[in-house]
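Input: a single structure, listed below in structure tokens.
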Ligand code: 6PG
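In this note's numbering, the protein residues as written are 6 to 481.
Here's what the structure looks like:
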């Protein structure tokens, strides 16, 4: 445990020494930073003491006053505690031990309005507060996560070097950057998670098509995802998906996946993304479908009853699998691009609405490594944002547009196959609908406007002259 000699020596402190917190402490210590860790649970501080294996500059304490004494002034304290009330509780217990000018960084999956609220409240007390998304799970925290900090610039300037050392590195660049004021960091992390939901749904649909549709066994599925992960679909989520198919259940030796209940849980970041997108009137078809499918999966009892009542087609396939697997791969790649497009379009709108002044090239760059949605594709996206910093939608970039258009027929064919087989593929379907809606130079919204005007005198605009018009429809 720490002795008095170390007072004021630590570069940064971490509150919350669960696996993520401990791993992040060790990660920063590996880059020669002196780090203090605090947790009120003695068991967690003991675990850090064990895991620090002789590192002199790591101090684990369970006295918050002592923890604050260990920190160099002005202090920098990083919170890795569950989002919600625990963040407010920790801030409250921390405040009496801090001095004006000290910095608190909340690294949980906090909802962005909470971040704005906390920053404003702490500012009044002379404290700096930043919201920082951290992605990559436990191993990311240890080996290099993607970090999404926002808040006061002076806060970032103080800890930037530490974060840059601890973050994942891609092409010698750290997967962290100052993103913008206020809740910019937590907002970007929320959208990261919305995209994560979308990609996970899309991958699960391809699994369903190949499992229930093509009758493929886990080892065959492993081989397919493993091959895809070596090609343009290369990504963390494909990599872990391939690995999942090889994992056997300890007791039964069955594939572990086959004994996992088919009811998806969620902590809410996907739903927040969807609600935000609705509020800002940005269409996020695929992300919304992903949230809805998690919700649908949880209606297990209803699904069991409906399985007997609601008869529909069942998959029938007796041809060569390879051509269809190739189509599925292309459909997935196109739908992935479309999903990132939706998330980035939401960020573009949020940046204007909340004055975050986000740079989407930077966002794409720091997502290339460390985080759950890291993918080779993000380099293409980054480069699209570099070529045109004002790009409104990445599907308007020539290269990305070409990549989707080349695969459009396969995406359409796979959606048709899913529908013909009676397998739900809303992520793929919504991605295709987004693509078709975006490329439509005319949409039947004129009829909606006519209906609104008919029943509610809501008026409409005309294509041939300026102004606002209302018609007495019942007389015509
Ligand atoms: C990450 C993850 C991480 C967490 C998700 C899980 O980027 O490391 O997104 O933050 O695992 O929040 O979210 P759900 O429980 O909602 O699936």
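Heads up, the beta-carbon is just placed ideally off N, CA and C, and yes, glycines get one too.
Since this is a predicted model, take the numbers as computed values, not measurements.
Item	Value
Contact set for residue 94: own chain, Cβ-Cβ below 6 Å, skip 5 residues either direction	none
Which of helix, strand or coil DSSP assigns to residue 183	coil
Check whether residue 136 and residue 190 have beta carbons under 8 Å apart	yes
Close-in-space but distant-in-sequence residues of the same chain around residue 98 (CB under 8 Å, 5 per side omitted)	69
Secondary structure of residue 249, DSSP reduced to three states	helix
When 397, 423, 274 are compared against residue 317, the one with the closest alpha-carbon	423
Distance cut-off 7 Å: residue 376 Cβ against heavy atoms of the ligand 6PG	yes
Whole-angstrom distance between residue 162 and residue 83, CA atom to CA atom	15 Å
Simplified DSSP assignment, three categories, for residue 98	helix
Through-space distance from residue 153 to residue 29, alpha-carbon basis	15 Å
Enclosing alpha helix (DSSP H) for residue 410 [first to last residue]	403 to 426
heavy atom of the ligand 6PG below 7 Å from residue 116 C-beta	no
contact_flag[the region 409 to 417, the region 214 to 234] where n(CB pairs < 8 Å) is 3 or more	no
Helix, strand or coil at residue 64 [DSSP, three-state]	strand
Reduced DSSP secondary structure (H/G/I, E/B, other) of residue 376	coil
Of the listed residues 420, 177, 229, nearest to residue 429 (C-alpha basis)	420
The region 112 to 123 touching the region 200 to 215, judged by at least three CB pairs closer than 8 Å	no
Contiguous alpha helix (DSSP H) assignments of at least 4 residues, all confined to the region 182 to 230	189 to 213
Reduced DSSP secondary structure (H/G/I, E/B, other) of residue 465	strand
Other residues of its chain near residue 476: CB distance less than 7 Å, five sequence neighbours each side excluded	458
Euclidean distance between Cα positions of residue 77 and residue 151	25 Å
Check whether residue 40 and residue 66 have beta carbons under 8 Å apart	no
Proximity below 8 Å, CB of residue 165 to CB of residue 183	yes
Alpha-carbon spacing of residue 37 relative to residue 167, whole angstroms	9 Å
Those runs of the beta strand (DSSP E) which lie wholly inside the region 25 to 49 and span at least 3 residues	40 to 43
Limits of the alpha helix (DSSP H) - the one that residue 155 falls within	Taken as a continuous stretch (DSSP letters only), residue 155 belongs to no alpha helix (DSSP H), being part of the beta strand (DSSP E) at 151 to 155.
CB contact check: residue 79 to chain D, cutoff 8 Å	The structure shown contains no chain D; it is built from a single protein chain.
Beta-carbon spacing of residue 187, residue 156 below 8 Å	yes
Continuous beta strand (DSSP E) stretch holding residue 134: start and end	133 to 140
Residue 198 Cβ short of 7 Å to the ligand 6PG heavy atom set	yes
Where residue 282 sits in the DSSP three-state scheme	helix
Residue 356 beta carbon near the ligand 6PG (any heavy atom closer than 7 Å)	no
Residue from 404, 180, 396 whose Cα sits closest to the Cα of residue 385	404
Classification of residue 368 by the beta-carbon crowding that lies within 10 angstroms, buried from 16 upward	buried
Per-residue DSSP class, three states only, for residue 178	strand
C-alpha distance - residue 89 paired with residue 139, whole-angstrom precision	16 Å
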